[in-house]
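See below for the structure under consideration.
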Amino acid sequence: MSVEFDEMDGWFEQIEVDSPLHDAMVESLNDDPLAVSDDAVNRVAASAQEKLAPANNWRWYGLAGLVAAAALAALIAGQPISEVQDALEPDGIEVRHPAASYEVASAEVIADHRSEIARRLDDGDAYGAWQLFQAFRSQYGPNVDGMEQDLRKIAVSLHAASRQTNDPDALDRAGDAYALYLQDHGSSENAHAMRYAYGEMLYKAERHDEAYDQYATVVRDFPDSQHAKFCAESAIFAADQMIARGESGWEAKGIEAAETWLDRWPDDPKARQIRYKAAYLHYTTGDHAAAESQFTQVIADDPTSPEAGKAADLILDGYVVREDWTGLADSLLLGAETYPEALGDKREMAEALAEKLDATDPERAARLREVLANQDYY
Amino acid sequence: MAPRPTQTQLRKMARIALSRGLPEEDAEDVVSVAWQKAVKAYSADRGGFEALLARIVQRESVEWWRRRKRRPVAEAAKLELVQSPPAPDLERVANNQRRLFEALSPDERRVFTTWALQKHLPQGTLDAAGAAARLGMTPAEFNNAKRRLKGRILSLAEAWGLPPRAFFSVAEDEGPRKGVRHVG
Numbered sequence: 000m001s002v003e004f005d006e007m008d009g010w011f012e013q014i015e016v017d018s019p020l021h022d023a024m025v026e027s028l029n030d031d032p033l034a035v036s037d038d039a040v041n042r043v044a045a046s047a048q049e050k051l052a053p054a055n056n057w058r059w060y061g062l063a064g065l066v067a068a069a070a071l072a073a074l075i076a077g078q079p080i081s082e083v084q085d086a087l088e089p090d091g092i093e094v095r096h097p098a099a100s101y102e103v104a105s106a107e108v109i110a111d112h113r114s115e116i117a118r119r120l121d122d123g124d125a126y127g128a129w130q131l132f133q134a135f136r137s138q139y140g141p142n143v144d145g146m147e148q149d150l151r152k153i154a155v156s157l158h159a160a161s162r163q164t165n166d167p168d169a170l171d172r173a174g175d176a177y178a179l180y181l182q183d184h185g186s187s188e189n190a191h192a193m194r195y196a197y198g199e200m201l202y203k204a205e206r207h208d209e210a211y212d213q214y215a216t217v218v219r220d221f222p223d224s225q226h227a228k229f230c231a232e233s234a235i236f237a238a239d240q241m242i243a244r245g246e247s248g249w250e251a252k253g254i255e256a257a258e259t260w261l262d263r264w265p266d267d268p269k270a271r272q273i274r275y276k277a278a279y280l281h282y283t284t285g286d287h288a289a290a291e292s293q294f295t296q297v298i299a300d301d302p303t304s305p306e307a308g309k310a311a312d313l314i315l316d317g318y319v320v321r322e323d324w325t326g327l328a329d330s331l332l333l334g335a336e337t338y339p340e341a342l343g344d345k346r347e348m349a350e351a352l353a354e355k356l357d358a359t360d361p362e363r364a365a366r367l368r369e370v371l372a373n374q375d376y377y
Numbered sequence: 000m001a002p003r004p005t006q007t008q009l010r011k012m013a014r015i016a017l018s019r020g021l022p023e024e025d026a027e028d029v030v031s032v033a034w035q036k037a038v039k040a041y042s043a044d045r046g047g048f049e050a051l052l053a054r055i056v057q058r059e060s061v062e063w064w065r066r067r068k069r070r071p072v073a074e075a076a077k078l079e080l081v082q083s084p085p086a087p088d089l090e091r092v093a094n095n096q097r098r099l100f101e102a103l104s105p106d107e108r109r110v111f112t113t114w115a116l117q118k119h120l121p122q123g124t125l126d127a128a129g130a131a132a133r134l135g136m137t138p139a140e141f142n143n144a145k146r147r148l149k150g151r152i153l154s155l156a157e158a159w160g161l162p163p164r165a166f167f168s169v170a171e172d173e174g175p176r177k178g179v180r181h182v183g
């Protein structure tokens with residue numbers, strides 16, 4: 000019996016649940032999961048968070064109950080009740096004043112808790128300290144005395160512990176602790192150091208997009224901190240990793256990171272290599288004008304460097320890609336004038352170009368031939 | 000107050016659900032249900048919470064596939080069949096599929112499964128290039144592999160005295176291409 004390919008193709012759309020073919024399909028997804036984009040992951044995570052959040056908010060129905068709760072919250076927080084009332088929804092359904100969500104911890108409770116955290120950390124039980132911290136926080140809130148220091152120690156300890164195992168969960172726990180620290184204490188004097196450490200952890204976990212965000216934030220918000228320069232360079236590497244994975248839009252971020260670095264440290268010994276990288280990214284995204292500008296600077300910085308040779312080639316290549324033969328000729332002529340000895344390996348290109356320009360631009364063709372004739376290649 | 004998932008946990012769960020082929024809308028539901036189940040089920044003597052969470056999301060994703068109903072014959076157009084076809088004998092189809100899998104080589108089974116996945120996942124989830132890449136092939140190589148597999152299926156069907164559609168849940172004469180009148 001003959002069956003057309005398209006007909007059999009259509010049969011594959013009709014697969015019964017619990018059939019062996021359906022089971023094989025589901026099993027193949029478990030053995031070899033599909034690749035998914037970070038955008039889709041973020042969308043689903045955000046929507047799921049919305050679905051989970053409402054169940055955790057306190058709800059009072061009826062304005063009287065709301066006012067009473069708001070007054071209590073104001074007393075606890077020591078804030079004017081008017082500020083609390085401002086937080087009420089217009090329809091008076093939900094109170095969101097943060098102080099209304101937590102209990103008040105006595106000095107004794109705080110001391111006992113901190114002592115237990117310290118004991119667990121000393122015993123090398125960073126995970127146990129982390130679990131205890133989270134339980135305390137969910138009951139008493141993030142602003143109890145000493146919590147900034149404890150959370151900082153826990154995050155760093157979890158990070159250190161993750162380096163000693165190959166357990167991916169250990170790295171994730173450290174990431175959670177860092178994220179929580181930055182959420183609760185993002186303005187603290189230690190925030191820049193924690194962001195740097197978090198960026199390093201994310202890079203190690205190959206979450207390069209998130210690592211980039213942390214590094215870029217350190218550079219932007221803490222430009223004079225001890226880690227700013229390292230983070231500026233690391234942002235470039237993180238963007239490189241995302242480009243290598245084929246994630247779209249990262250060339251622009253790589254350029255931004257490189258040019259941020261160059262703005263801050265233009266005379267640093269690494270500047271030439273970073274400039275070459277920025278130029279190369281401009282080149283790959285088709286911005287040949289910007290690429291040429293940066294490549295030209297790379298050559299000027301050190302004409303004998305390996306980057307200079309590659310930069311010269313890529314400038315010329317940009318003209319070839321655009322089929323800008325006039326521009327190519329001018330670039331070769333300028334190069335011959337400025338760096339006469341460098342024209343040697345471009346001879347064949349120059350000869351082919353002169354031939355191409357004979358009909359349309361004989362003057363340039365003649366100048367090219369003159370330059371070639373005057374070169375000493377031996 | 001019930002604990003809330005962190006961003007890392009949410010992303011991890013979302014990635015598991017999406018990578019199992021769930022559409023985004025359903026993945027959101029699976030993630031929120033999985034979190035609630037994990038929080039309820041967790042106890043310290045059962046190992047790490049993260050591992051429990053991952054297991055539950057994977058299980059819920061598999062359950063999602065099991066709860067799906069058979070897709071209708073035609074979704075886009077309203078169709079009236081000239082004559083209602085007999086429903087396929089699903090148990091017989093299942094037996095035929097098992098027999099076919101046993102006869103195919105491992106490579107042929109992978110092509111078969113990937114072909115099914117490509118057609119069965121929501122549109123846009125797995126394009127031709129992505130399907131081919133799962134097998135380490137180019138799209139052209141994957142197309143050729145499917146054509147060869149089609150030939151193999153037809154030969155096996157003939158050798159066993161079966162119509163080729165016996166391996167699929169397709170009723171005789173079912174499908175928009177044969178004997179159907181469009182209405183509306």
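Respectively, the protein sequence lines represent chains A and B. Heads up: the first sequence at position 137 corresponds to 136 in numbering that gives the first Met the number 0, and the numbers run straight through without jumps. Heads up: the second sequence at position 5 corresponds to 4 in numbering that gives the first Met the number 0, and the numbers run straight through without jumps. Note that CB positions come from ideal geometry on N, CA and C, so glycine has one too.
Neighbour flag for residue i against chain A, beta carbons, 8 Å
i	result
B/Thr137	no
B/Val206	In the structure as shown, chain B begins at 0 and stops at 183. Residue 206 of chain B is therefore absent and cannot be evaluated.
B/Ser31	yes
B/Pro121	no
B/Val56	no
B/Pro163	yes
B/Val110	no
B/Arg27	Here residue 27 of chain B turns out to be Glu, not Arg, going by the sequence shown. Taking Cβ atoms only, chain A reaches closer than 8 Å to B/Glu27, which makes this a yes.
B/Pro105	no
B/Glu23	yes
B/Phe141	no
Cβ neighbour criterion (16 or more within 10 Å) applied to residue i
i	result
A/Pro19	buried
A/Gly185	exposed
A/Gly145	exposed
B/Pro63	It should be pointed out that residue 63 of chain B corresponds to Trp in this sequence rather than to Pro. Buried is the call here.
A/Arg363	buried
B/Gln96	buried
A/Trp249	buried
A/Arg194	buried
A/Gly123	exposed
A/Ser1	exposed
A/Trp260	buried
Cβ-Cβ distance between residue i and residue j below 8 Å
i	j	result
A/Gln13	B/Val169	yes
A/Ala154	A/Ala134	no
A/Val320	A/Leu327	no
A/Leu170	A/Met200	yes
B/Arg65	A/Asp17	yes
A/Lys269	A/Ile235	no
A/Glu350	A/Leu371	yes
A/Ala192	A/Ala231	no
B/Ala130	B/Gln117	yes
B/Thr112	A/Met7	no
B/Ala50	A/Val40	no
A/Glu47	B/Val30	In the sequence under discussion, the amino acid at residue 47 of chain A is Ala, which differs from the Glu named in the question. Contact flag set, yes.
B/Arg146	A/Phe4	yes
Extent of the continuous alpha helix (DSSP H) to which residue i belongs
i	result
A/Tyr195	190-203
A/Phe236	227-243
A/Arg136	125-139
A/Tyr180	167-184
B/Gln122	Premise fails: B/Gln122 is in no alpha helix (DSSP H) and is neither H nor E.
A/Lys269	Element bounds for A/Lys269: n/a, residue is neither H nor E.
B/Pro138	138-158
A/Phe4	4-10
Residue i beta carbon near the ligand FMN (any heavy atom closer than 7 Å)
i	result
B/Val169	As presented, the structure is devoid of all ligands, the ligand FMN included, so that no description of it is given.
Any chain B beta carbon closer than 8 Å to residue i
i	result
A/Pro141	no
A/Glu12	yes
A/Phe4	yes
A/Ser46	yes
A/Trp59	With a pLDDT of 33 at A/Trp59, under the threshold of 50, the predicted position of this residue should be treated as unreliable, though the coordinate-derived value follows. Closer than 8 Å: no.
A/Val108	no
A/Ser247	no
A/Arg42	yes
A/Lys382	Absent from the model: residue 382 of chain A. The displayed extent of chain A is 0 to 377, so no value can be given.
A/Ala178	yes
Open item on the list: Quick test of the definition: if touching needs 3 or more C-beta pairs under 8 Å, does the stretch 343-358 of chain A touch the stretch 11-22 of chain B?
Closed with: no
Task: Given 8 Å, three or more beta-carbon pairs between the stretch 3-22 of chain B and the stretch 115-124 of chain B - done: yes
Task: Given 8 Å, three or more beta-carbon pairs between the stretch 235-242 of chain A and the stretch 27-36 of chain A - done: no
TODO: Determine contact between the stretch 107-122 of chain A and the stretch 147-163 of chain A, defined as no fewer than three beta-carbon pairs at a distance below 8 Å.
DONE: yes
Task: the stretch 271-285 of chain A in contact with the stretch 293-306 of chain A per 3-pair CB rule at 8 Å - done: yes
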